[in-house]
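**Q**
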Amino acid sequence: MSQRASLITPVLIGGSLIMLVGFAIRASFGVFQIPIAEDFGWPRAEFSLAIAIQNLAWGFGQPIFSAIAERLGDRKAIVLGALTYALGLVLSAYAITPGQHQLLEILVGFGIAGTGFGVVLAMVGRAASDENRSVALGIATAAGSAGQVIGAPVAEYLLQSMQWPSVFMVFAVAILLSLVVLPLMRTAPTVKSNAPSESMATAISQAVRDPSFFLIAVGFFSCGYQLGFLTAHFPAFVLELCGPIAPGSLLHSAGITTTSALGAWSIALIGIANIFGTIYAGVLGNKFPRRYLLTLIYVGRTLASAIFIILPITPETVIVFSLVMGSLWLATVPLTSGLVGHIYGLKYMGTLYGLIFFSHQLGSFIGVWLGGTLYDMYGTYTAVWWIGVGVGALSAIVHLPIDEEPLAKRREAVPA
177 MSQRASLITP
187 VLIGGSLIML
197 VGFAIRASFG
207 VFQIPIAEDF
217 GWPRAEFSLA
227 IAIQNLAWGF
237 GQPIFSAIAE
247 RLGDRKAIVL
257 GALTYALGLV
267 LSAYAITPGQ
277 HQLLEILVGF
287 GIAGTGFGVV
297 LAMVGRAASD
307 ENRSVALGIA
317 TAAGSAGQVI
327 GAPVAEYLLQ
337 SMQWPSVFMV
347 FAVAILLSLV
357 VLPLMRTAPT
367 VKSNAPSESM
377 ATAISQAVRD
387 PSFFLIAVGF
397 FSCGYQLGFL
407 TAHFPAFVLE
417 LCGPIAPGSL
427 LHSAGITTTS
437 ALGAWSIALI
447 GIANIFGTIY
457 AGVLGNKFPR
467 RYLLTLIYVG
477 RTLASAIFII
487 LPITPETVIV
497 FSLVMGSLWL
507 ATVPLTSGLV
517 GHIYGLKYMG
527 TLYGLIFFSH
537 QLGSFIGVWL
547 GGTLYDMYGT
557 YTAVWWIGVG
567 VGALSAIVHL
577 PIDEEPLAKR
587 REAVPA
């Protein structure tokens, strides 16, 4: 009973709810790909670049908001993030040129950073006990996956009854309403840092000189590439390449009668599978070396992607791929964030994870942008898909030599 009480903390509950709403909105942007392009007569690359810039801004903003949280307070950083998120959505609703959308996605990306992994996971990690930290990080990450489950289908549903600018306004209100849970996050136990006397600058300097820090960042790049590409382009990929849904089939009977609806629900299925995948990854992270678990995840992603693109694209293969990829989707996050906290300490975990996360978002930027660009050049996503297979294999390899021993212990073992 005491173990459960220490796992389910107010910080975990509040942080999970904020992550759910923020990621529901973020995961829906791929659904807007075709409506916005058709509304303005733009090539696919224009809004793809906007989503890519959003991902890059998220990466830039993550260490900034994490540093704000560690300097001024976690809740202040979250409020600032939610306000920035809402402002970006509201202004985007009135944007009429590609440049306007692309510029305003910087605000949206910064808003995601302020309400997402870096700030929230650092709070959850500090509030959790040592034995429950990995599981707590998995639960918070799974909340983001739960948001992904509802985000794309909700956007698809709203687009049936209103124009895309109105949906953006609805989402702006939703992210502001998520702030009502902030009182739950009032108290987070203070934890001892591995190096309590170190300044933030010193901690960052020591971390970036560690080869393992670089390897973690390189590995996370692949994660961002795959997730960014699929979130932004998979609904359109399914719409255009998937075979028809047969009348009388299980999907047709469930009300999924078009490949457009299947594309939206494929994102939801990824999120459903990932709820279990992230929590289970958190559990395993308490029992096995995280670097080996990450290697296995990237091997699984690489094989799933290669097999899917080789086989004919049918409703059945879309469903299977979504479930398999979903089980591995954000399973990297509790393991990577837990690895950062374990190796470099909890005091500046948010900022250090934010720096690693920038590599993730750089990968997202390239995956989203390259997807739109190569599609407009060749009329197919095949090339960018195979690039994703390659970077996934690279990521599996680079995790193997990571040294998981805490940096402070390694420094203590070095003779003076």
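Start counting the sequence shown at 177; every next residue gets the next number (my numbering). By construction, the Cβ of each residue, glycine as well, lies at the ideal position given by its N, Cα and C atoms.
Is Ile485 closer than 7 Å to Trp561 when the C-beta atoms are compared?
**A** Yes, these two residues count as a Cβ contact at 7 Å.
**Q** Where does Pro420 land, buried or exposed, given buried means 16+ other C-beta within 10 angstroms?
**A** It counts as exposed.
**Q** Tell me which residue opens and which closes the alpha helix (DSSP H) that Tyr261 is part of.
**A** It spans Asp250 to Ser268 - the alpha helix (DSSP H) in which Tyr261 sits, taken as one unbroken run.
**Q** Going by the CB atoms, is the gap between Leu259 and Leu138 shorter than 7 Å?
**A** Within the shown structure, residues of the chain are numbered from 177 to 592, placing residue 138 beyond reach of any answer.
**Q** What span of residues does the alpha helix (DSSP H) with Pro510 cover, start to end?
**A** Its alpha helix (DSSP H) spans residues Thr508 to Tyr520.
**Q** In chain order, what residues of the same chain have a beta carbon less than 7 Å from the beta carbon of Tyr593, not counting five sequence neighbours either side?
**A** This structure cannot speak to residue 593, because the chain is shown only from 177 to 592.
**Q** Once the 5 residues before and after Glu186 are set aside, which same chain residues still bring their CB inside 6 Å of it?
**A** Residue 186 is actually Pro in this sequence, not Glu. Once the five neighbours on either side are set aside, the close Cβ partners of Pro186 are Leu360.
**Q** Looking at the structure shown, is Ala139 part of a helix, part of a strand, or coil, going by DSSP?
**A** No information on residue 139 is available, as it lies outside the stretch 177 to 592 that the chain covers here.
**Q** Ordered along the chain, which non-local residues of its own chain (more than five positions away) have a Cβ less than 7 Å from that of Arg466?
**A** Once the five neighbours on either side are set aside, the close Cβ partners of Arg466 are Leu511, Gly514, Leu515 and Glu580.
**Q** Does DSSP put Ser425 in a helix, in a strand, or in coil?
**A** Note: Ser425 maps to coil in three-state DSSP.
**Q** Taking Ala226 and Gln278 to be in contact with their CB atoms under 8 Å, please state how far apart those CB atoms are, rounded to whole angstroms.
**A** Yes, they are in contact, since the Cβ atoms of Ala226 and Gln278 sit about 5 Å apart, within 8 Å.
**Q** Please list, in chain order, all residues of the same chain as Met299 whose beta carbon is under 7 Å from its beta carbon, the five residues on each side excluded.
**A** Val187, Gly191, Asp250, Met361 and Ala364.
**Q** Under a Cβ-count criterion, where at least 16 other Cβ atoms within 10 Å of its own Cβ denotes burial, should Val197 be classed as buried or exposed?
**A** Val197 should be labelled buried.
**Q** Do Leu334 and Val343 have their CB atoms nearer than 7 Å?
**A** In contact: Leu334 and Val343 (Cβ atoms closer than 7 Å).
**Q** Comparing the CB of Ile495 with every heavy atom of the ligand MN, is any distance shorter than 6 Å?
**A** Here there are no bound small molecules, and the ligand MN is not part of this structure.
**Q** Sorted by chain position, which residues of the same chain lie with C-beta nearer than 7 Å to Ser593's C-beta, five sequence neighbours on each side aside?
**A** Lying before the first or after the last residue shown, residue 593 is absent from the chain, which here runs from 177 to 592.
**Q** With 16 other CB atoms within 10 Å as the buried threshold, where does Leu576 fall?
**A** Counting Cβ neighbours within 10 Å, Leu576 comes out exposed, since fewer than 16 surround it.
**Q** Let's see if you can read the secondary structure: which residues bound the alpha helix (DSSP H) around Tyr468?
**A** Where Tyr468 is concerned, the enclosing alpha helix (DSSP H) stretches over Arg466 to Ile486.
**Q** With distances taken from CA atoms, which of Ser381, Lys463, Ile282 and Ile254 is nearest Phe293?
**A** The candidate whose alpha carbon is nearest that of Phe293 is Ile254.
**Q** Which residues in the same chain have their Cβ closer than 8 Å to the Cβ of Leu232, if we skip the five residues on either side of it in sequence?
**A** The answer, listed in chain order, is Gly285, Gln537, Leu538, Ser540 and Phe541.
**Q** Pick out the complete alpha helix (DSSP H) segments inside the region 490-577, 4 residues or longer, and give them in chain order.
**A** You should have 491-504, 508-520, 525-554 and 558-574.
**Q** Can you tell me where the alpha helix (DSSP H) with Phe208 in it begins and where it stops?
**A** Where Phe208 is concerned, there is no enclosing alpha helix (DSSP H), given that its DSSP letter is neither H nor E.
**Q** Helix, strand or coil, according to DSSP, for Arg587 in the structure here?
**A** Here Arg587 sits in helix by DSSP.
**Q** Beta-carbon separation of Ile532 and Ile380 under 7 Å?
**A** No, these two residues do not count as a Cβ contact at 7 Å.
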